[in-house]
Each structure stands twice: as C-alpha cells, then as structure tokens.
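Residue numbers (the working numbering): 247 to 456.
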C-alpha cells in the first residue's frame, strides 16, 4: 500500500511556556547523560528538534488527523517525544533498545507525572527482519533483543501514529516497516534533521486511486 504525504503547515503551533520548560529540562538531562557516557557513547542516540516535533504533534492533534489516540515512538531515546505526545493528548508509549535510555526516559516521564511508558526491546517485529537487514549496521534496527510488543500487549497495527527519527539511509526502511505492519489509515511522522518534519498516511491502493 502506498504512503501518501500529508502536508504540514509552514508555521506550526507555538510551544507554550510549560512545554518549553519541559524541553529545556529534557535537553539538560540529555546533555548530562551524553557527557557521562563519553567513554562509552551510544552512537545511535541523537535527539531531534523537540520544539519542532511538538508543533507537528500539536497540529496533528488539533486537526484530528489521527484515527485514534494510540501513539508509539520507534527508537525513543530519552523519551522526550513520547512525553510530548502525551502532553498533547495521545495515549503514548515508546520503544528503546538501550537499557540506560529506558531508565533515563522513565525518570523524565515520572518527574512530570506523565503516563508515557517506554518498553525495552527491538522495534522490528517478527516478520520484519528482512526489511531491517537492509541497514543492519544501525544498532536500533538490529535483529534480536526483547519483544516490546508482547510487553505492551499491542501490535504495530494497533497504533494510530508512529514517530521515528531515522538516520540517513533509514527513511526508506522505516517507511517499509510501517507500510508492512501499520493499519490502513495510520500516520507515520518522521523528523529528518535539516529537512524538518514529514508526515505520511498509509492508504490502500484503491483509496489512493480514488
């Protein structure tokens, strides 16, 4: 099924003061975490632009673009985006491979009394290994690890919105995993560095032609 690009406005909703305070705190915690791991860095951990992501999430929520409230962040890192999704009203969770980042994100959500659980494991579901192996050098797409979907008692096709920050070369793999496993009508949101935000909806071929 093709993924159809959904246009985001040139000017996204602003970040309110209370969310800006959260973002500043999250960035500070991330900086401290990265500094504490200089001798043993997590090379795949690069935070996105949280203010920009918040604006896109706020727009999706306010415009009722999602079919429902279920949100999942693939490769959730420090969990800031998962927390932001919870702030705008999504029933949000994340999946993260690194145990130390799961611990960091759990503390962050807890300190702000947010229900934004992070599940440790591999975002690639059973049956998606061949797609993931296309970029097997990226650790967060590596085959193996715990099954987070079993922990959360959900599958990819339960989620209305999935967010990811793909490395260069990963975008196509993320799109293929989403196209293979998400339900028809689900949204894929990605942050793409200097290219900004992208939003796609999965549509059946029949709907896309119509």
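Idealized CB from N, CA, C, for every residue including glycine.
Owing to the predicted nature of the structure, the values given are computational and were not obtained by experimental measurement.
Item                                                                                                                         : Value
Integer-rounded CB distance, given that residue 269 should sit under 8 Å from residue 297                                    : 6 Å
Integer Cβ distance of residue 434 from residue 427, believed to fall under 8 Å                                              : Residue 434 to residue 427, Cβ: 11 Å. No contact.
Cβ of residue 283 within 8 Å of any chain D Cβ                                                                               : The structure shown contains no chain D; it is built from a single protein chain.
Rounded straight-line distance, which links the Cα of residue 252 to that of residue 326                                     : 24 Å
Coil, strand or helix - residue 300 by DSSP                                                                                  : helix
Beta-carbon proximity check, residue 440 vs residue 394, cutoff 8 Å                                                          : no
Start-to-end residues for the beta strand (DSSP E) that takes in residue 446                                                 : 443-448
CA nearest to the CA of residue 288, picked from 279, 294 and 407                                                            : 279
Residue 245 burial status per 10 Å Cβ neighbour count (16 or more: buried)                                                   : Because residue 245 is not part of the residues shown, which for the chain are 247 to 456, the question remains open.
For residue 419 and residue 445, the rounded distance between their alpha carbons                                            : 15 Å
Collapsed DSSP secondary structure at residue 262 in the structure displayed                                                 : coil
Beta-bridge pairing of residue 365 - partner residues as DSSP gives them                                                     : 341
Residues of its chain near residue 307, where Cβ-Cβ distance is below 6 Å and the 5 sequence neighbours each way are ignored : 334 and 335
Simplified DSSP state of residue 319, which is helix, strand or coil                                                         : strand
The alpha helix (DSSP H) enclosing residue 433, as first and last residue numbers                                            : Taken as a continuous stretch (DSSP letters only), residue 433 belongs to no alpha helix (DSSP H), being part of the beta strand (DSSP E) at 433-437.
Own chain partners of residue 301 with C-beta closer than 6 Å, once the 5 adjacent residues on each side are dropped         : 258 and 259
Residue 400 (DSSP reduced to helix, strand or coil)                                                                          : coil
Paired residues, beta bridge with residue 251 - DSSP                                                                         : 446
Where residue 407 falls: helix, strand or coil (DSSP)                                                                        : strand
Rounded separation between residue 317 and residue 422 - CA only                                                             : 18 Å
Minimum C-alpha distance to residue 415 - residue among 438, 398 and 405                                                     : 438
Three-way DSSP call (helix, strand, coil) for residue 357 in this model                                                      : helix
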